[in-house]
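Everything below concerns the one structure shown next.
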Amino acid sequence: MKCLIFRNKSAVIEDITNRLGRGRADGEKARLARKLGQEADSLLTCADYNRNSQDCKNCRAIAARRKRLMWCLLKNIKPGRIIITGTKRRPQEHGNKQTDTINWQKENRGA
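This is the structure we're talking about:
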């Protein structure tokens, strides 16, 4: 593609994708997946978009694919292993999941 914006973002996206491919902890994967989504969003909302340009159409298709990859990654990360924003503790992973969720919600209702 001839677009310099795509070339620059493509290098960053490729680096993030390669880092995601290596074995990482769930928290690191979530951070990288969000970064991948931000980079894809910047291509999807490009101010220089020309709907008649094949390069722009290809760029949007690639960015949309990376955005779907981000959502797939975030769905597959175990929620019990991610630290919840605004707290310094992790949700408990044991016993009855429904009961644990209710107990955790009761403890953090005032937060």
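Counting from -19, one number per residue, gives the positions in the sequence shown under the numbering used here. Where is the CB? At the ideal position from N, CA and C, for every residue including glycine. For clarity, every value in this text was computed on a predicted model and none was experimentally measured.
Count the other CB atoms, across all protein chains shown, that sit within 10 Å of the CB of residue i; report buried if there are 16 or more and exposed otherwise.
i	result
K(-18)	exposed
A(-9)	exposed
L16	buried
A5	exposed
A41	exposed
A91	Confidence is the limiting factor: at A91 the pLDDT is only 48, short of 50, which leaves the residue's position unreliable and the question unanswerable from this model.
Nearest by alpha-carbon distance to residue i: which of the options is it?
i	options	result
F(-14)	N38, T(-3) and L0	N38
L0	L12, Q18 and N56	L12
A20	N32, E(-6) and I57	E(-6)
A44	R4, K9 and Q18	Q18
K47	Q34, S22, N32 and R31	S22
N56	N(-2), R31, T(-3) and K9	K9
- prompt: Taking contact to mean at least 3 C-beta pairs separated by less than 8 Å, is the region 50 to 58 in contact with the region 24 to 31?
  reply: no
- request: Could you tell me which uninterrupted alpha helix (DSSP H) segments, each at least 4 residues in length, are contained entirely in the region -9 to 43, listed from first to last along the chain?
  value: 6 to 24
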